[in-house]
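Below is one structure, written out as structure tokens, with a few remarks after it.
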Amino acid sequence: MEIQKAQVLLDKLLEEGLESAMSSGDENHFLFNSGLNYDSGCHKFCVFGEDFVIKFDRSASDHNCLAELENYYAAKQEGLEKFFTTTCFLTEIQGRTFIAQDRADIDEDEVEDLCYSYSGDYDPEDDETIYALCGCTPETERLVDFCQRYRINDLHSSNWGLDPEDKYVIIDYGGHHWDDDDEEEES
Ligand SMILES: Nc1ncnc2c1ncn2[C@@H]1O[C@H](COP(=O)(O)OP(=O)(O)OP(=O)(O)O)[C@@H](O)[C@H]1O
Ligand SMILES: [Mg+2]
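Numbering (the working numbering), first residue to last: 5 to 191.
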């Protein structure tokens with residue numbers, strides 16, 4: 005990661021204010037005008053450097069980035085970190101944890117094609133998705149078990165990317181997307 009570039013980007017985000025930074029889609033948006041790429045999902049806001057991504061939670065009450073960081077270290081302890089894009093802690097500001105990650109290459113169509121040719125189906129919540137992308141090995145079995153334990157269960161095609169060695173890695177693994185608590189709350 006180009007740490008100095010990350011620092012410049014982070015300074016700019018804070019100078020503009022996080023809420024303003026997140027109001028993307030506006031042509032006067034400072035990120036839009038700076039030529040920087042940014043993206044957001046349901047939980048996180050992401051700003052892209054050439055080979056890294058800075059991520060923070062869209063809502064300060066959501067702690068998905070902290071969960072992602074903790075899950076990376078848990079994966080490391082179990083020797084499974086090669087299946088997850090590298091995450092490191094940047095800073096904590098205004099109740100939000102900022103993380104930096106290695107930027108992976110996203111190709112949603114290829115992910116879906118691989119899943120269809122593996123099992124004739126594509127279900128982001130199904131273990132088959134993990135086997136289709138990571139291979140059928142004992143290590144992948146441990147990964148499947150890890151993802152179940154850490155409730156990393158939202159493995160849709162934009163939550164996977166290719167690392168520099170062209171291996172599939174999970175890039176969105178804060179987990180807890182659809183866990184037992186949510187089901188209890190919904191019922
Ligand atoms: N490490 C990364 N490398 C490349 N692109 C990334 C990376 N992390 C995030 N992105 C891009 O930013 C998008 C949003 O990030 P992420 O999936 O982590 O957020 P989210 O809010 O948790 O998403 P979701 O809507 O799946 O819950 C991703 O779909 C992807 O396109
Ligand atoms: Mg995502």
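For glycine and all other residues, C-beta sits at the position ideal for the given N, C-alpha and C.
Whole-number beta carbon distance between residue j and residue i, since they are thought to touch under 8 Å
| i | j | result |
| --- | --- | --- |
| Asp127 | Gly45 | Contact doesn't hold; Cβ gap of about 19 Å is too wide. |
| Asp106 | Phe56 | 6 Å |
| Thr144 | Ile156 | About 14 Å separates the two Cβ atoms, so there is no contact after all. |
| Val115 | Ser65 | Not a contact, Cβ separation roughly 31 Å. |
| Glu82 | Arg146 | 7 Å |
Length of the line joining the Cα atoms of residue i and residue j
| i | j | result |
| --- | --- | --- |
| His180 | Ile58 | 21 Å |
| Thr151 | His47 | The sequence given here has Cys at residue 151, not Thr. For Cys151 and His47, the distance between alpha carbons rounds to 19 Å. |
| Phe49 | Asn163 | 14 Å |
| Asp109 | Gln98 | 30 Å |
| Cys119 | Leu137 | 7 Å |
| Arg62 | Asn75 | 19 Å |
| Glu23 | Leu17 | 9 Å |
Beta-carbon gap between residue i and residue j smaller than 7 Å
| i | j | result |
| --- | --- | --- |
| Glu72 | Thr91 | yes |
| Phe52 | Ile174 | no |
| Ser121 | Glu132 | no |
Contact test: residue i Cβ vs ligand 1 heavy atom, cutoff 6 Å
| i | result |
| --- | --- |
| Gly179 | no |
| Gly53 | no |
| Lys48 | yes |
| Ala108 | yes |
Near ligand 2: residue i beta-carbon under 6 Å from a heavy atom
| i | result |
| --- | --- |
| Lys43 | As written in the sequence, residue 43 is Asp, which differs from the Lys given in the question. No. |
| Asp280 | One cannot answer for residue 280 here, as it falls past the ends of the chain, which runs 5 to 191. |
Distance cut-off 6 Å: residue i Cβ against heavy atoms of ligand 3
| i | result |
| --- | --- |
| Ile58 | This structure lacks ligand 3; the ligands present are ligand 1 and ligand 2. |
Residue ranges of each beta strand (DSSP E) run of no fewer than 3 residues wholly in the region 102-178, ordered along the chain? 164-166, 172-174
Any beta strand (DSSP E) of 3 or more consecutive residues that is wholly inside the region 56-101: If we require 3 residues or more, the beta strand (DSSP E) runs fully inside the region 56-101 come out as 56-61, 91-97.
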